[in-house]
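Here's the structure we're looking at; comments come further down.
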């Protein structure tokens with residue numbers, strides 16, 4: 082088998098680190114799994130043994146790879162990983178979308194993907210420039226939720242618009258025109274929620290895309306964390322707009 086390289090976005094494969102995320106990968110995308118990596122200290126662990134059994138049933142090769150696990154996780158206690166082939170997805174035009182523009186923090190993106198699955202936004206767009214969606218630390222932050230999404234990375238928001246031109250758009254902005262609850266009350270099922278960069282938010286031009294929305298908050302804070310804001314927005318839209 083070829084030597085496993087340190088993760089780089091140019092590679093055609095990535096690493097799914099940790100027992101729970103690996104099970105999520107096998108649940109959602111078993112055909113993408115290539116190799117199961119094991120740490121000697123993890124042999125006998127119940128979760129690891131279940132993973133080994135699932136991989137054996139699927140014909141996925143296993144190998145001891147303590148050095149690779151430590152290198153990719155930056156930890157001494159990562160007992161398993163699955164090497165998987167990168168893939169691309171097509172967004173469902175009949176479903177609600179969540180769009181994240183120019184996100185630079187992998188932890189934020191990973192947490193946002195987890196929230197998206199939890200609140201039913203299975204179609205997930207990311208706009209460049211952005212963090213690498215296949216970075217192992219993004220996948221770890223998502224706790225494997227990433228594999229349950231249809232995720233597509235676009236070169237620009239205009240590229241997204243060219244494919245989905247007639248949707249209800251809801252950009253979230255600090256100076257949004259209407260409150261979250263009011264926006265959610267009138268949304269149809271094929272709406273798009275749009276979120277901006279952690280530091281700068283969405284550019285002012287997004288005021289011209291659909292209906293801008295704000296999340297009411299105390300004057301004692303300047304803004305909400307991206308993943309927190311996205312979670313509030315997705316939960317509200319999914320529960321009020323039904």
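Residue numbers (this note's numbering): 82 to 323.
Ideal Cβ placement from N, Cα and C applies to all residues, glycine included.
Note that this is a predicted model, so its numbers are computed, not measured.
### Query
Cα-Cα, which of 319, 215, 107 and 271 is closest to residue 140?
107
### Query
Would you report the Cα separation of residue 142 and residue 224, rounded to the nearest angstrom?
23 Å
### Query
At which residue ranges does the segment 152-223 contain complete beta strand (DSSP E) runs of 3 or more residues, listed in the order of the chain?
161-166, 178-182 and 204-208
### Task
Quickly, what does DSSP pair residue 136 with across the bridge? List them, please.
None, per the DSSP bridge assignment.
### Query
Along the chain, which unbroken stretches of the beta strand (DSSP E) at least 3 residues long are found entirely within the segment 104-148?
Every beta strand (DSSP E) stretch that sits fully inside the segment 104-148 and reaches 3 residues is listed by chain position as 114-119 and 142-145.
### Extent of the continuous alpha helix (DSSP H) to which residue 95 belongs
Counting along the chain, residue 95 falls outside any alpha helix (DSSP H), though it belongs to the beta strand (DSSP E) covering 94-98.
### Task
Pull up the DSSP beta-bridge partners for residue 150, would you.
Note: residue 150 sits in no beta bridge, so no partner.
#### Entry: Under the three-state DSSP convention, the category residue 251 falls into
strand
### Query
Using DSSP with H/G/I as helix, E/B as strand and the rest coil, what is residue 266?
helix
### Message
With three or more beta-carbon pairs closer than 8 Å as the criterion, would you say the segment 169-188 touches the segment 200-215?
### Response
yes
### Query
How big is the Cα-Cα spacing for residue 133 and residue 197?
29 Å
#### Entry: Rounded straight-line distance, which links the Cα of residue 243 to that of residue 215
25 Å
### Task
Would you check if the segment 287-295 and the segment 217-233 touch, i.e. whether three or more CB-CB distances between them fall below 8 Å?
Using a Cβ-Cβ distance cut-off of 8 Å, the segment 217-233 and the segment 287-295 are not in contact, since fewer than three pairs of beta carbons, one from each stretch, lie closer than that value.
### Message
Measuring straight from C-alpha to C-alpha, what distance separates residue 89 and residue 276?
### Response
Straight-line Cα distance between these residues: approximately 26 Å.
### Task
Pick helix, strand or coil for residue 274, following the three-state DSSP scheme.
Residue state, collapsed to three classes: strand.
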